[in-house]
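Have a look at the structure below before the remarks.
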Amino acid sequence: MENFTSASDALMRDGRKGVNALHAQLKDQKKQTREKKAQCGNASCQKEEEVGKALLADWKNHKKSCTSFSDPPLCHLFDPKRKIAGCSYVEHPVFARGTQDGMGCWATPHGSVTGELARKPGNALTNLPSKGNTYDLMLHMMPGIPGSWFDIRLMVQNRTKGPMLLLGSEIVAVIKDSHRKDFLGGIRDGETHLPAKELNGTATIAQPPSYVDITALNGKTVKEGGEVVKDKPLRDAYSTALIDGDSCAVLLQPAEHAILEVQFRLGGIQEVSREFHAWAMLDHFVIPCLPYSTTLSGSFRGVSRHTDKDVQASLVNMRAPIIHKDVDNWYHDFVTRGERAHVAQMMQMLMGMAMNKT
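Numbering-wise, this note's numbering comes out as the position in the sequence shown, counting from 1, plus 10.
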């Protein structure tokens, strides 16, 4: 009897060992499956593939969207899908989109409800000659004089595995060669413009920003009206992200995103006095970034034009083509029915936005 009990106990122990080994094997398989699921191609994405054939199409669509940057990160300050009831417009139409080596960007208009170009530049990082500036600005404030400055909001997200430095002062708007004459017609003495190429390789020129500043970080407003917000955590986040104020160099950790206000001098003549005139002049934007390390130091102004091979090799230049079809659709009522029709729709959208905030 004693021998039977010993054999029974040994059998139970072996059985438990087998069950424990099976549990460990299943646990390891689940872990490997989770790790495999998380690899959608976006280093910063935490979304996992869900089990079930019915969800396979959704997962494939997510992977495609995540790696192609077809959609910006969810953010109420930059939502290209939100539309006010009864309004023809979404709040933030995407008129340019680009991606390169895990970085992505999206551009939307940021001008007045009338679509007029601004009559004065922003108050930072001006790329304007100082001589005669006061007279020039006073002249452009006079009634009937066309505006000269074109505003956009630019969202940039880091979907790489490491920190990246967004170089705001190095952003350029590349002019279509067919519109070079219109661009040069409004140029100021001493104003900087650069040699460039259209996406099809045609030689042309590009315009650096006259103003650029960070306004939001990870969906939170950090600067309004040129002033940093009073909220201390947001002020701290702003100070940490803004590595160099002179060049608006913004540090983005993996998955982080920022919104910049960027302004270019693109008008100044009657033929280029509205936003849709300015969009029509453009071929694409170039948004440069650098992998960040603590050994980097500012100012970074002009770094994208350095001839140093190591600097050029490390640059990540996102090229964001203008989506002219979407621009034309957005301004269609203005072109076909006039300013009043366009402004009426814009005012309806703005009132809807205000009501949504209350």
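We put the CB at the ideal spot given by N, CA and C, even for glycine.
Could you have a look at residue i and say whether DSSP puts it in helix, strand or coil?
i, result
"leucine 164", "strand"
"histidine 86", "coil"
"lysine 335", "helix"
"aspartate 293", "strand"
"glutamate 101", "coil"
"glycine 178", "helix"
"aspartate 254", "strand"
"glutamate 234", "strand"
"phenylalanine 286", "helix"
"valine 184", "strand"
"valine 239", "coil"
Which two residues bound the contiguous beta strand (DSSP E) that contains residue i?
i, result
"threonine 225", "221-227"
"proline 119", "113-119"
"threonine 108", "For clarity, residue 108 is glycine in the given sequence; the question names threonine instead. Start and end: 106-110."
"glutamine 217", "213-217"
Between which two residues does the alpha helix (DSSP H) containing residue i stretch?
i, result
"serine 195", "The amino acid occupying residue 195 in the given sequence is glycine; serine does not appear at that position. Here the alpha helix (DSSP H) through glycine 195 covers 190-195."
"alanine 323", "319-324"
"proline 264", "It is not in any alpha helix (DSSP H) - proline 264 carries neither H nor E in the DSSP assignment."
"lysine 207", "Segment 204-207 is the beta strand (DSSP E) holding lysine 207; no alpha helix (DSSP H) there."
"threonine 346", "342-347"
"leucine 244", "242-251"
Is residue i buried or exposed, if buried means 16 or more other CB atoms sit within 10 Å of its CB?
i, result
"valine 321", "exposed"
"arginine 284", "buried"
"histidine 86", "exposed"
"lysine 242", "exposed"
"alanine 48", "Bear in mind that the predicted position of alanine 48 carries a pLDDT of just 47, short of 50, making it unreliable; the figure below should be weighed with that in mind. Flag for alanine 48 reads exposed."
"histidine 189", "buried"
"threonine 170", "buried"
"isoleucine 162", "buried"
"alanine 323", "exposed"
"lysine 186", "buried"
"glycine 211", "exposed"
"threonine 43", "Residue confidence is low: threonine 43 scores 48 on pLDDT, short of 50, so the model does not pin down where it sits. Its coordinate-derived value is still stated next. Threonine 43 should be labelled exposed."
Please look up how many angstroms separate the CB atoms of residue i and residue j, rounded, as I've assumed it's under 8 angstroms.
i, j, result
"alanine 6", "histidine 294", "In this structure the chain extends from 11 to 368, so residue 6 is not present and cannot be described."
"leucine 204", "alanine 259", "Not really, about 19 angstroms apart at Cβ, beyond 8 angstroms."
"tryptophan 340", "proline 103", "5 angstroms"
"valine 232", "valine 222", "The Cβ separation is near 14 angstroms, so there is no contact."
"cysteine 299", "valine 326", "4 angstroms"
"glycine 332", "phenylalanine 88", "The displayed chain sequence assigns isoleucine, not glycine, to residue 332. About 18 angstroms; that fails the 8 angstroms criterion."
Determine the contact status of residue i and residue j, defining contact as a CB-CB distance below 9 angstroms.
i, j, result
"threonine 214", "valine 184", "yes"
"glycine 114", "methionine 357", "no"
"arginine 275", "isoleucine 224", "no"
"valine 345", "aspartate 338", "yes"
"proline 90", "histidine 267", "no"
"valine 353", "threonine 124", "yes"
"valine 166", "isoleucine 297", "yes"
I'd like to know if residue i contacts chain B, where contact means its C-beta is closer than 9 angstroms to some C-beta of that chain.
i, result
"methionine 165", "Of the protein chains in the structure, only one exists, and it is not chain B."
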